[in-house]
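What follows is one structure encoded as C-alpha cells, with my remarks underneath.
Protein chains: 2
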Amino acid sequence: MKHFINAKNNIVTEALDGFLATTTTTGLARLDGYPHTKVIIRTDWDKSRVAVIAGGGSGHEPAHTGFVGEAMLTAAVCGEVFASPGVDAVLAAIIAVTGEAGCLLIVKNYTGDRLNFGLAAERANALGYRVEMVVVADDIAIPDADYPRGLAGTLFIHKIAGFMAARGDELDRIVTAARTAASRCYSIGLSLDSCTVPGNIPDDYLGPNEAELGLGIHGEPGFSKIAFAKADELMSLACEKLAQAAAPGPFALILNNLGTVPPVEMAILANAFTKTALAKKTTIIIGPAHLMTSLNMNGFSLSLLVLDDLRTAALRADVGASSWPGIRVCDQIRVVELPKTAQDKSYRPSRNETVEAIIRAVCEMLISAEDELNFLDSRIGDGDTGTTFGRAARTIADALNDLPCADGGDLSMALSTILSRNMGGSSGVLLAILFMAAGKAYKKNNDWPLALFHGARRMMQYGGADVGDRTMLDALMPGLDRLMPNGSMASESIPGESMAAAALAARAGANSTALMTTACAGRASYVQAENLAGVTDPGAEAIARIFETVAVVIRKRGPA
Amino acid sequence: MKHFINAKNNIVTEALDGFLATTTTTGLARLDGYPHTKVIIRTDWDKSRVAVIAGGGSGHEPAHTGFVGEAMLTAAVCGEVFASPGVDAVLAAIIAVTGEAGCLLIVKNYTGDRLNFGLAAERANALGYRVEMVVVADDIAIPDADYPRGLAGTLFIHKIAGFMAARGDELDRIVTAARTAASRCYSIGLSLDSCTVPGNIPDDYLGPNEAELGLGIHGEPGFSKIAFAKADELMSLACEKLAQAAAPGPFALILNNLGTVPPVEMAILANAFTKTALAKKTTIIIGPAHLMTSLNMNGFSLSLLVLDDLRTAALRADVGASSWPGIRVCDQIRVVELPKTAQDKSYRPSRNETVEAIIRAVCEMLISAEDELNFLDSRIGDGDTGTTFGRAARTIADALNDLPCADGGDLSMALSTILSRNMGGSSGVLLAILFMAAGKAYKKNNDWPLALFHGARRMMQYGGADVGDRTMLDALMPGLDRLMPNGSMASESIPGESMAAAALAARAGANSTALMTTACAGRASYVQAENLAGVTDPGAEAIARIFETVAVVIRKRGPA
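Here the protein sequences line up with chains A and B, keeping their order. Going by the working numbering, 488 is the number at position 488 of the first sequence; the sequence numbering is gapless. Going by the working numbering, 1286 is the number at position 286 of the second sequence; the sequence numbering is gapless.
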C-alpha cells in the first residue's frame, strides 16, 4: 500500500501544518507544543461566548480541524492516527479558548476520548473553568450495544453547539440541546474495502464479492459482511437499517465519504438515496462530502438527525469553517425543455445539374475507393478510413434529391449536418466543421474557393493540425491554394483549368505524405516512423481523389 | 474492482441527478434529453452577460458541473466517462444560455472535445450566435508536445472567464484574457496507481515501488515511471518539472486531488509543497481539493497560473458554484504559545502521619500484589493490571515526601496528576479522574467519603461503566456506600469500624465479580463467558485490597 507520507511518526503534525497553510478558514493557529500538543484554535475569539471544542484521534480529516471556525468549533484537539489525544493537550485547548462563559467538549464515544477529555475537564474544573462534556454515540450497527460508537453524526452536534454558542446562548442551554440532539442522531457505515493505517500491512479481509455494513471509523471489521451489490441495493440496505433504529422524522441526512469513494460514485450514491423510502422523510441533505473519514476507506456513511426548529435553524446557519459543505433543502430536480432552435435549420431542396453531377461523381468514387483507402489506413491506423468516407458518400448520395443544390451556402451547411451525423470518426467532425464554416462564408461572398479556404482554416483551428502533419490537410491546402492564386478571388464558379491545377497540387500534396516519417496529428502520430515510410496518408489520398474527380466533372461540363 | 454504481451505461446520468439533488449551488437544472443530452445549466441567468460553457468527458467530477454557478460557468456539457459529449448536446447548451452578449466555450485540449465543441460553435455561429472557443493545453509533462493535454489548470480559465462575464465584460475581451491566461498556465500530475473505469478490468501496471509522473486524466500511462518515495520527494520532483516549464511567477497554485488520495495525505502533500522552492514564488493556493479528478486515481496534480492584477482579482472573487474551494493567500502558519496556566498547580509538601502511613501501606501492598494481579488479568485480558497498579504505587511512594499530605484536597489532586502521568492504561486515567473530582469536592466539604463518592461518580460518567459491569466499581462502590450510611456525613476522618465494614463490603463486591459471566465494560467485555467464570476482576481485587489495607492502618493508628 503506497501512501503520500514522509514518516509514520510525522503524519499528523505534517498534515496539520499542511492544513494550516492551505485552509480558507481565516484566523486559525496551532498551539505550540508539537508533537504532544496538536491543537488548532481560532485566534479571532473573544471568550465572551461558550467555547466549543471537539477532537479525537486523527485519520478522520477534515474532522476535526476543518470544522474550526466562526459558528462551529472554537478548537480541535488532535491525537495520533486513530489514537486519543492526551489529557495535557485537551487541557491546553480548554485553557486557550475558555472564558467566563465556559466550554463544551464534544467527544465521540470511544473509551480513550471519553477518559482523556474527561480528565482534562476535571482538571480544568479544578482550575476554575466551567467545562461540560457531551458524548456522541450515534452508531446503530450493533443492536442493543452498551457503548455505541461515535460516527459522522457528531458533526450535527458540532453544528448545533457552534450555532448556539455563536448567538450567545449559555453553557447549560447548549449542553442540554447538544445532549438531546445527540440522542436523536443515528449513523451507519458501509464499505467495499477496509482502510489501511499508513505503514501497516493492508488487511483486506473482504473478497471481491463482499462488502460490509455497520463499520466504525478505525478499520475494525463491520458488524456484518454483506454481498457486494449495485449502488441502489447497498444504499437501500443501509437506509433500512437506519430507518429501523431511528425515531420518526423529519430528518437531516449526512452523506459522508469515508475516504476514497470517487466523487462520481458518491453522486451515484446520492441519487440512490433519493430513491429510498427514507428520502421521503428527509428534508435536508448535507454532502456527499468528506466529513468524518477513516483514512483510505472505500465506503460511505449515513447519519440522520431528527429535526426540530432549533436544529433546522442551526444546520441552515452559515459558518466560517471551510469543511462544512452547507445544506441542501430537498426538492425536485429541475428539468428544462431542450431549446427548440437547437434543431437544425431545414433546407428547401433545389436543383443545379453541375453541382449534382459533382456530388454524384465524388460519392461514387469514394464508394468504389473504400477498400483501397481501408488498406492504406490499415498500415498506419485501424483500417477504417475507406469505410468512413464510404459511409458518408452513401448517405449523401441517398440524400441528393433533398439537398439545396442551387444554394451554395445552404448546401455546404446541409453537407456539414450529414457528415457530422453519419460519417463518424474525427474526420467526419472535421469535414463537418469545414462545410459549416464554408457555408457561412459562402453566404457572405458567394466564392467557393474563399469559402472552402475559410472552412479549412476553421478545421485546422479546431483540429489542431497543420500542413505537414501527415493529414488530409496536406492534400486539401495545396489544392485550395491553387484555386485562389491571388489570395481571394470572388468567383461563384471555378474554371476548369484552375480545378485541374488544383487537382494536380492536391495529388502532389497527398503523395508527399508518403515521405513524411513523423506524423504530428491524428492517429498516425502514435505510429513508429519505419511503419509510416512509403504509405500515403489515407485521408490525404481521399481528398486528392475528390479534387481529381471534381476536375474531371468540371472539364466535361464546364463550371457549375 | 468494486465500484458504487448500478450499470455502466447509467453512470453519468445517475451521477448528474445525484449532483442536482444534493448540490448547494442554487438555481441549477438539467436540459431534457437524457441520455444523449447531459447538460447542466443555470436557470437564474438572464443572457445579458457572456455565457461561459465548459465540458468534456465525465469521470472528472466535480468538473464540470460543480463549477456551474454565479461568476463561474453558465453551463456544463457532459459526455460519457472519458468521452466527449456530442455536437448536438453542446449546441443545445449554447442555445439554452446564449444571448446577444455571446458565449465562450472553454475546452480541454483533446481531439474529441475540440472537434465536437468546435462543430457546435460553427453550427451556433451559422444560427446567428456569437460563439468563441478557448482551448486549454496546460500539461507540461511531455517536452515539446504538439498537443499538450488540458488538465486542472482549466479551472483557472473557468474562474477568470466567469469573473469577467459576471462583471459585464464583452466577449472579445474575455476571449483575449482567457487565451492569454491559458498560455500562462502549467500543470503536471503524479500518481501512485492508475485509475479504473467502472466495469473495466483494473490495469495497474505500477509496481509497489513505482509511481508515475506526467499523467493525463484518462488513465493513460504517465510520461515517466519514477521510484515511489516520500511525499516530500515526490512533491519536490513534480515542482521541479513545473518550475522548468513555467514562466517566472508570481503564481497561483491548484493542488488537485485526482480521485482517491485521503484528505490526511493531501494535507501532507500541501505541507510538502510549502517546503519547495516553487512555494516561494506562489502567493495564492487553491486546494487541496477534488477539482478535476480522474475517477479513482490515487494521485494529485499541480497547476500554476502566472498572476497579474486581473487574474488575482478574478481568483479572489466569490462564486456561487459549490465546488470552487476558494483561495488561500499564502502566509506563515501562526503558532500560539501554550497557555501558562495549563501547567499543573504546584503543591506545598505537608505532613500528616496517618495519611502517610496509609499511602505507604497501600503502595507496599500494591507492589507486593503485582504478580497476583497480573495473573488474574492474564485470565481475562493482557495480564498487566498488577504492573499498572505497581507502577503507580512506586511513583507515589517515591513522591511521598513532596505530597501535600496535610491538605486532603490538594493531596487528592496531586495523586490525580501522578496517576494520569505515570500509571498508564484506562485505569490510570479513570483513577486520575476520581482523585481530581474528589479533590475538588474535598475542598468544599472536607469529607473524604463524600469526596471519593463524588469522584467515583465522575469516573463512572466518563468511563461509562456501572456497578455490575465487572470492573473496579464492583468493589469501590459498595465500599464507599458503607462509609456513607446516611448519604452524606460530613466528617474529616473515617472511624475504624466504618472502615472495617467498608473493607468487608469492598471484598464482597470484588468476590462477586468472579460470578459475573458477562462483562459490559473494559477489556473483559471482549472475553467469552466461559473464560470469565470464577475469575475475580483484577481491578476490583486491587480496590478491595486497598480498602483492606486502609482499614488495617486505621485500626492500628486511629483516624487520620
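Built from N, CA and C at the ideal position, the CB exists for glycine as well.
Quick one: does residue i have its CB under 8 Å from some CB of chain A?
i               : result
residue 1188(B) : no
residue 1420(B) : yes
residue 1436(B) : yes
residue 1224(B) : no
residue 1003(B) : yes
residue 1290(B) : yes
residue 1030(B) : yes
residue 1019(B) : yes
residue 1276(B) : no
residue 1053(B) : no
In the DSSP output, what is residue i paired with across the bridge?
i               : result
residue 108(A)  : 136(A)
residue 1225(B) : 1212(B)
residue 1163(B) : For residue 1163(B), which the question treats as bridged, DSSP gives no partner whatsoever.
residue 256(A)  : 289(A) and 301(A)
residue 1251(B) : 1282(B) and 1306(B)
residue 1189(B) : 1301(B)
residue 1404(B) : 1350(B)
Cα separation between residue i and residue j?
i               : j               : result
residue 202(A)  : residue 119(A)  : 34 Å
residue 1197(B) : residue 1219(B) : 8 Å
residue 963(B)  : residue 1206(B) : Since the first and last residues shown for chain B are 1001 and 1560, residue 963(B) lies out of range.
residue 195(A)  : residue 25(A)   : 28 Å
residue 1489(B) : residue 1449(B) : Interpretation of residue 1489(B) is limited by its pLDDT of 43, a score under 50 that renders its predicted location unreliable; no figure is taken from the coordinates.
residue 1247(B) : residue 1068(B) : 30 Å
residue 9(A)    : residue 1463(B) : 29 Å
residue 318(A)  : residue 160(A)  : 12 Å
residue 397(A)  : residue 369(A)  : 15 Å
residue 15(A)   : residue 1483(B) : 51 Å
residue 1127(B) : residue 312(A)  : 49 Å
residue 1487(B) : residue 1407(B) : With a pLDDT of 45 at residue 1487(B), under the threshold of 50, the modelled position of this residue cannot be trusted; read the value that follows with caution. Rounded to whole angstroms, residue 1487(B) to residue 1407(B) spans 24 Å at the Cα level.
residue 292(A)  : residue 84(A)   : 15 Å
residue 1444(B) : residue 123(A)  : 16 Å
residue 1048(B) : residue 1209(B) : 55 Å
residue 1204(B) : residue 1531(B) : 47 Å
residue 557(A)  : residue 385(A)  : 30 Å
Hey, would you say residue i sits closer than 8 Å to residue j, going by beta carbons?
i               : j               : result
residue 1030(B) : residue 335(A)  : yes
residue 327(A)  : residue 284(A)  : yes
residue 288(A)  : residue 1065(B) : no
residue 474(A)  : residue 512(A)  : yes
residue 1217(B) : residue 1254(B) : no
residue 1081(B) : residue 1005(B) : no
residue 544(A)  : residue 506(A)  : yes
residue 18(A)   : residue 1270(B) : yes
Of all Cβ atoms in chain B, is any one closer than 8 Å to the Cβ of residue i?
i              : result
residue 218(A) : no
residue 230(A) : yes
residue 234(A) : yes
residue 440(A) : yes
residue 132(A) : no
residue 426(A) : yes
residue 562(A) : Residue 562(A) lies beyond the stretch modelled for chain A, which goes from 1 to 560, so this question has no answer here.
Could you tell me whether the Cβ of residue i comes closer than 8 Å to any Cβ of chain D?
i             : result
residue 38(A) : Within the model displayed, chain D is absent; protein chains A and B are what it includes.
Three Cβ pairs or more, each shorter than 8 Å: is that satisfied between the region 1314–1328 of chain B and the region 1210–1226 of chain B? Fewer than three pairs of CB atoms, one per stretch, sit closer than 8 Å, so the region 1314–1328 of chain B makes no contact with the region 1210–1226 of chain B.
Report yes or no: do three or more beta-carbon pairs, one from the region 539–556 of chain A and one from the region 160–180 of chain A, lie closer than 8 Å? No, because fewer than three Cβ pairs between the region 539–556 of chain A and the region 160–180 of chain A fall closer than 8 Å, the two stretches do not touch.
Cβ pair count under 8 Å reaching 3, the region 1150–1159 of chain B against the region 1119–1137 of chain B: Contact between the region 1150–1159 of chain B and the region 1119–1137 of chain B is present, because at least three Cβ pairs lie under 8 Å.
Does the region 371–381 of chain A come into contact with the region 351–358 of chain A, if we say contact requires no fewer than three beta-carbon pairs (one atom in each stretch) closer than 8 Å? Counting Cβ pairs under 8 Å, fewer than three are found: no touch.
Report yes or no: do three or more beta-carbon pairs, one from the region 1240–1248 of chain B and one from the region 1299–1309 of chain B, lie closer than 8 Å? They touch, by the three-pair rule.
Tell me, please, whether the region 49–58 of chain A touches the region 75–93 of chain A by the rule of three or more beta-carbon pairs shorter than 8 Å. Output reads yes: the region 75–93 of chain A touches the region 49–58 of chain A.
Touch check for the region 398–407 of chain A and the region 1031–1041 of chain B: three-plus C-beta pairs under 8 Å? No, the region 398–407 of chain A is not in contact with the region 1031–1041 of chain B.
Is it the case that the region 436–444 of chain A contacts the region 409–421 of chain A, given that we only count it when at least three CB pairs across the two stretches are under 8 Å? As far as the Cβ criterion goes, the region 409–421 of chain A touches the region 436–444 of chain A, which means the pair count is three or higher.
Touch test, the region 184–193 of chain A against the region 139–147 of chain A, Cβ-Cβ under 8 Å, three pairs minimum: For the pair of segments examined, the region 184–193 of chain A was found to touch the region 139–147 of chain A: the number of CB pairs separated by less than 8 Å reaches three.
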